[in-house]
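One rule links them: number in the working numbering = place in the sequence shown (from 1) + 33. Note that CB positions come from ideal geometry on N, CA and C, so glycine has one too. Notes follow once the structure below has been shown.
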Amino acid sequence: REALAVTARLCGPELERYGRCVAASPGSWHRDCHQLSLSVTECASSHPLVRRIRRDCSESFGAFERCLRERPRAAAECGPHVTRFLLCAQSVTESGTESGTERGTERGTESVT
């Protein structure tokens, strides 16, 4: 939650533009909004907490992104993937330590499907 709040605080305009694009392009947002997605990522990457989450939760986030690419018209089916990523991000936020592992899997979130 904190990482999302940091991103919203630091990158509000970028998130707003991306959100409007996604809402306006339900069947092709993954293609039409790609540049806006990159601008959100670039903005968010400047914060240490976000960088730590990107590093420690890259596996679960990658699975979520793959799911979205494979199901562009059925993004709701990717809910379990986003749940895994959010649990990992929450774990990173709560731990406050630097580690090279994905903490979400250490806490047993691998059973979420």
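* Asked: Can you name the start and end residues of the alpha helix (DSSP H) that GLU98 belongs to?
  -> Where GLU98 is concerned, the enclosing alpha helix (DSSP H) stretches over 91-103.
* Asked: Would you report the Cα separation of ILE86 and THR126, rounded to the nearest angstrom?
  -> Rounded to whole angstroms, ILE86 to THR126 spans 8 Å at the Cα level.
* Asked: Does the region 104-117 come close enough to the region 48-63 to have 3 or more Cβ pairs within less than 8 Å?
  -> Result yes; three or more Cβ-Cβ pairs closer than 8 Å.
* Asked: Between the Cα of PRO113 and the Cα atoms of GLN123, ALA96, ARG64, which residue gives the shortest distance?
  -> It is ALA96.
* For ALA72, collect the residues of the same chain with a Cβ closer than 6 Å to its Cβ; drop the 5 residues on either side in sequence, then sort them by chain order. => According to the sequence shown, residue 72 is Ser rather than Ala. The beta carbon of SER72 sits closer than 6 Å to those of GLU47, all from its chain and outside the five residues before and after it, given in chain order.
* **Reference CYS100; option with closest CA among ARG117, CYS44, SER124** => Among ARG117, CYS44, SER124, the Cα nearest to that of CYS100 belongs to ARG117.
* Please go through the same chain and pick out, in chain order, the residues whose beta-carbon is closer than 7 Å to the beta-carbon of ARG84, but skip the five residues on each side of it. => Hits under 7 Å: SER78.
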